[in-house]
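Engineer:
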Amino acid sequence: MKPAPFTYHRATTAKEAVEMLAAAGDEGTVLAGGQSLVPLMNFRVAQPAHLVDINYVDELDYIRLDDGWLAIGARTRQAALERSGDVAKAAPLLSEAIRSVAHPPVRHRGTVVGSVVHADPAAELPACVLALDGELTLEGPNGERRVPAREFFTGPLMTAKQTGELVTEVRVPARNGEGGGHALVEFSRRHADFAVAGAAVSGDAIALFGVADTPVRATDAEARLAGGADPAEIAAAATDGLRPNGDVHGGSAYRRRVARACVERAIRGARNGGGAS
Amino acid sequence: MNAVRIATTVNGVRYERDVEARMLLVDFLREELDLVGTHVGCEHGVCGTCTVLMNGESIRSCITFAVQADGQEITTVESLANGDMHPLQEAFWEQQGLQCGYCTPGMLLRAQEILAANPDPTREQVKEEISSNLCRCTGYAFIIDAVLDAAQRMRTIGGEPAPGADQEPATEVPEVPERVPGGEEARA
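Protein chains in written order, with our numbering: chain A, 5 to 281; chain B, 183 to 370.
1. Can you tell me the Cα-Cα spacing of P363(B) and E260(B), whole angstroms?
2. Give me the residue from A240(A), V121(A) and P109(A) with the minimum Cα distance to C266(A).
3. So, is the C-beta of E239(B) closer than 8 Å to a C-beta in chain A?
4. Output, in chain order, the set of chain A residues within a Cβ distance shorter than 9 Å of L206(B).
5. What three-state label does DSSP hand R242(B) in the structure shown?
6. Check A347(B) in the structure and name its three-state DSSP category.
7. Answer with buried or exposed for G346(B), where buried requires no fewer than 16 other C-beta atoms within 10 angstroms of its C-beta.
8. Which same chain residues, not among the five before or five after G118(A), have their C-beta less than 6 Å away from its C-beta?
9. Within 10 Å of its beta-carbon, does E276(B) have 16 or more other beta-carbons around it, so buried, or fewer, so exposed?
10. Does P152(A) come out as helix, strand or coil in the three-state DSSP assignment?
11. Take every Cβ of the segment 223-240 of chain A, pair it with every Cβ of the segment 153-170 of chain A, and state whether three or more of those distances are shorter than 8 Å.
12. Closer than 8 Å by C-beta to T33(A): which residues in its own chain qualify, once you throw out the five before and the five after it? Chain order, please.
13. Can you list the residues of chain B that P108(A) reaches, using a CB-CB cut of under 7 Å?
14. Just reading off the beta strand (DSSP E) that V174(A) is part of, what are its end residues?
15. So with Cβ pairs under 8 Å, would you call G181(A) a contact of chain B?
16. On the DSSP bridge list, what partners appear for I256(B)?
17. Looking at chain B, which residues of the segment 7-29 of chain A have a Cβ within less than 9 Å of any of its Cβ atoms?
18. Answer yes or no: do Q294(B) and F324(B) have a C-beta to C-beta separation smaller than 8 Å?
19. Indicate whether at least one CB of chain B lies closer than 8 Å to the CB of D62(A).
20. Would E255(B) count as contacting chain A if we go by Cβ distances under 8 Å?
21. Name the chain A residues whose beta carbon is nearer than 8 Å to that of G219(B)?
22. Assuming contact is defined by CB atoms lying nearer than 8 Å, are L188(A) and L246(A) in contact in what I supplied?
23. Which residue's Cα is closest to the Cα of R87(A): R111(A), R79(A), A75(A) and D70(A)?
24. Counting only beta-carbon separations shorter than 8 Å, does E260(B) have a partner in chain A?
25. Can you give me the C-alpha to C-alpha distance between Q349(B) and I339(B), rounded to a whole angstrom?
26. Need the endpoints of the beta strand (DSSP E) that G118(A) sits in, please.
27. Am I right that L136(A) and V22(A) are in contact with their C-beta atoms under 8 Å? What's the rounded C-beta distance?
28. Taking DSSP as the reference, what is the three-state secondary structure of R103(A)?
29. Measure the alpha-carbon distance for C282(B) versus C317(B) and round it to whole angstroms.
30. Taking the Cβ atom as the reference point for each residue, do G207(A) and G184(A) lie within a distance shorter than 8 Å?
31. Look up I210(A) in the DSSP assignment and say whether it is helix, strand or coil.
32. Just verifying my parser: in three-state terms, what is the DSSP assignment at V56(A)?
33. Since P125(A) and P219(A) are thought to touch, with beta carbons under 8 Å apart, how far apart are those beta carbons, to the nearest angstrom?
34. State yes or no: is the beta carbon of R113(A) nearer than 8 Å to at least one beta carbon in chain B?
35. Could you say which of V329(B), S313(B), G288(B) and R292(B) lies nearest to P303(B) if we only look at CA atoms?
36. So, under 8 Å CB-CB, V186(B) and V201(B) are touching, yes? Tell me the CB distance rounded to an integer number of Å.
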């Protein structure tokens with residue numbers, strides 16, 4: 005399958021991209037890495053009339069530490085995050101998670117922000133940004149605004165981003181070794197596939213993915229985690245109320261069981277200093 | 183048609199073309215430049231047979247638009263053989279690292295990248311890294327054998343320079359050769 009025709013707009017600055025998006029209105033879509041968008045266009049599930057290409061917007065390619073935040077620009081490739089010593093120090097959960105995101109040829113093109121904005125409920129990066137209490141920076145015709153990750157994800161592939169807005173940056177608080185361990189544990193049928201279910205733990209935060217319409221924080225369980233409860237008890241609390249959708253790869257109850265096991269293992273991993281799988 | 187003028191360097195040769203915005207890079211390589219070594223497989227970025235290098239890094243050319251190659255350097259499987267077969271190609275030949283051959287162009291370029299990053303990988307490392315590319319014939323054992331064999335060959339000859347590394351891009355666009363009647367491969 006091949007994409008439907010569209011009009012191509014190449015931006016070279018963030019401001020120009022916002023103007024192009026504003027002009028395109030509901031018919032416009034941002035083309036960043038394209039690793040989620042172009043497959044959808046090839047199948048004609050997505051048929052945007054206007055594509056605004058931000059691959060030539062050099063000012064959005066950065067990973068920077070600023071005022072206690074680790075900020076990642078919208079043109080920053082996933083491979084750059086993977087290689088970054090700043091990320092490994094300031095947000096080691098992201099460094100660990102990125103290795104579960106697709107394969108190197110996809111990470112060479114795919115962007116960090118693009119994966120977050122795509123908002124696949126089974127994807128790792130949205131859940132990690134949620135676990136880390138991250139924020140999105142959006143630029144639109146009416147200026148800039150920041151949206152916390154907790155308010156950003158509104159449904160499957162749906163976010164608080166409004167027509168004409170460009171997400172220019174995702175940022176998470178820089179931890180620099182403080183705030184407890186971290187771990188990302190998921191179960192997928194093959195390496196690099198989207199997860200059947202998974203859990204990201206950072207300090208006392210727990211985010212689950214593949215279990216609902218959006219990534220979700222397990223608030224009740226987080227209080228138990230902070231209180232030093234047994235991992236199995238925390239994992240049960242984190243997942244008992246979930247009603248994941250079933251599909252060909254597993255029913256609702258199965259997904260809940262998988263999620264529970266992932267949470268339990270992630271907590272054990274985080275308590276052992278992170279890096280568990 | 184929403185045509186866009188692009189200039190891209192492919193295997194060291196600079197090309198300028200008007201392309202339709204929706205044209206995928208893999209179709210540009212095959213149909214505009216007649217570089218049919220790069221194969222079209224799943225068309226949604228999963229199988230890896232369309233793998234090419236952009237600025238030295240592997241990408242899926244079926245989920246990249248040709249307009250995004252504007253100003254970039256593309257390397258395809260045609261860059262490997264230079265009169266003689268590349269050690270990777272020799273190794274795939276010797277180890278029977280292919281059956282139908284459909285996945286082979288992607289396997290070769292990905293293997294080249296794997297070995298550039300790690301000239302002496304373990305079998306487990308090769309298995310992990312080559313999992314980016316699908317083969318539906320071989321069960322992978324012979325492909326992994328071939329990559330390990332190639333690693334040894336390439337270490338023995340002291341490593342390979344990056345393709346096109348010592349070439350200046352030609353400014354003239356060469357004539358595209360006529361297609362051989364009946365010689366074009368079947369499309370997936």
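Just so you know, even glycine gets a beta-carbon here, dropped at the ideal spot from N, CA and C.
What you are looking at is a predicted structure, and each value in this text was computed from that prediction instead of being measured.
Structural biologist: Inspection of the coordinates gives the following:
1. Along the second sequence, one-based indexing puts residue 363(B) at 181. Along the second sequence, one-based indexing puts residue 260(B) at 78. At P363(B) the pLDDT is 42, less than 50, meaning the model places this residue with poor confidence and gives no usable figure here.
2. If you number the first sequence from 1, residue 266(A) lands on position 262. Looking at the Cα atoms, A240(A) is the closest of the given residues.
3. Locating residue 239(B) in the second sequence gives position 57, counting from the first residue. Chain A, which has a Cβ nearer than 8 Å to the Cβ of E239(B), makes this yes.
4. Walking along the second sequence from the start, residue 206(B) turns up at place 24. For the C-beta of L206(B), the chain A residues within less than 9 Å are, from N- to C-terminus, K6, P7, V42 and N46.
5. Mapped onto the second sequence, residue 242(B) falls at position 60. In the structure shown, R242(B) sits in a strand (DSSP, three-state: E or B).
6. In the second sequence, residue 347(B) corresponds to position 165, counting from 1. Its pLDDT being 43, under 50, A347(B) is placed unreliably in this model, and the value from its coordinates should be taken loosely. The answer is coil: DSSP assigns A347(B) none of H, G, I, E or B.
7. Counting from one through the second sequence, the residue named residue 346(B) turns up at place 164. Below a pLDDT of 50, predicted positions are generally treated as unreliable, and G346(B), at 44, falls in that range; the measurement from the model is reported next regardless. Its Cβ being crowded by 16 or more others within 10 Å, G346(B) is buried.
8. Within the first sequence, residue 118(A) is the residue found at index 114, counting from 1. Here the set comprises A36 and G37.
9. Translated into positions along the second sequence, residue 276(B) becomes position 94. Flag for E276(B) reads exposed.
10. Looking up residue 152(A) in the first sequence gives position 148. Residue state, collapsed to three classes: strand.
11. no
12. Position 29 of the first sequence, counting from 1, holds the residue named residue 33(A). Correct list, in chain order: L41, A50, P52, H54, L55 and V56.
13. For the purposes of this step, residue 108(A) is taken as residue 104 along the first sequence, with counting starting at 1. Here the neighbours are S240 and S314.
14. Counted from its first residue, the first sequence places residue 174(A) at position 170. It spans L170 to P177 - the beta strand (DSSP E) in which V174(A) sits, taken as one unbroken run.
15. Taking the first sequence and counting its residues from 1, the one referred to as residue 181(A) is at position 177. No, because no Cβ of chain B sits closer than 8 Å to the Cβ of G181(A).
16. Counting from one through the second sequence, the residue named residue 256(B) turns up at place 74. Partner(s): V192(B) and M236(B).
17. P7, A8, P9, F10, T11, Y12 and R14
18. Working through the second sequence from its first residue, we reach residue 294(B) at position 112. Working through the second sequence from its first residue, we reach residue 324(B) at position 142. Cβ distance not < 8 Å, so Q294(B) and F324(B) don't count as in contact.
19. Locating residue 62(A) in the first sequence gives position 58, counting from the first residue. With 8 Å as the cut-off, D62(A) does not count as an interface residue toward chain B.
20. Here residue 255(B) refers to the residue found at position 73 of the second sequence. Chain A contact via Cβ: absent.
21. Working through the second sequence from its first residue, we reach residue 219(B) at position 37. Against chain A, a Cβ distance below 8 Å from G219(B) picks out nothing, because the smallest value is about 17 Å.
22. The residue labelled residue 188(A) in the question sits at position 184 within the first sequence. The residue labelled residue 246(A) in the question sits at position 242 within the first sequence. Going by C-beta atoms, L188(A) is not nearer than 8 Å to L246(A).
23. Sequence index remark: in the first sequence, residue 87(A) carries index 83 (1-based). Measuring from the Cα of R87(A), the nearest candidate turns out to be R111(A).
24. Against the second sequence, residue 260(B) aligns to sequence position 78. E260(B) does not count as touching chain A.
25. Taking the second sequence and counting its residues from 1, the one referred to as residue 349(B) is at position 167. Taking the second sequence and counting its residues from 1, the one referred to as residue 339(B) is at position 157. Confidence in Q349(B) is poor, its pLDDT being 48 and thus under 50, which makes the residue's placement too unreliable to answer from.
26. By one-based count along the first sequence, residue 118(A) stands at place 114. Element bounds for G118(A): not the beta strand (DSSP E) but the alpha helix (DSSP H), V116 to H122.
27. Position 132 of the first sequence, counted from the start, is the residue given in the question as residue 136(A). Position 18 of the first sequence, counted from the start, is the residue given in the question as residue 22(A). So it is not a contact: roughly 26 Å between Cβ atoms.
28. Locating residue 103(A) in the first sequence gives position 99, counting from the first residue. Coil.
29. If you number the second sequence from 1, residue 282(B) lands on position 100. If you number the second sequence from 1, residue 317(B) lands on position 135. Roughly 9 Å separates the two Cα atoms.
30. Taking the first residue of the first sequence as position 1, residue 207(A) is located at position 203. Taking the first residue of the first sequence as position 1, residue 184(A) is located at position 180. Yes, they are a contact pair.
31. Taking the first sequence and counting its residues from 1, one reaches residue 210(A) at position 206. Correct three-state label for I210(A): strand.
32. What you label residue 56(A) is simply residue 52 of the first sequence in a count that begins at 1. V56(A) falls in the strand class under three-state DSSP.
33. Position 121 of the first sequence, counting from 1, holds the residue named residue 125(A). Position 215 of the first sequence, counting from 1, holds the residue named residue 219(A). Confirmed, about 6 Å.
34. As a working note, residue 113(A) is residue 109 in the first sequence. By the rule that beta-carbons nearer than 8 Å mark a contact, R113(A) touches chain B.
35. Translated into positions along the second sequence, residue 303(B) becomes position 121. Nearest C-alpha to P303(B) among V329(B), S313(B), G288(B) and R292(B): V329(B).
36. Within the second sequence, numbered from 1, the residue matching residue 186(B) stands at position 4. Within the second sequence, numbered from 1, the residue matching residue 201(B) stands at position 19. That belief holds up - the Cβ atoms of V186(B) and V201(B) are roughly 6 Å apart, short of 8 Å.
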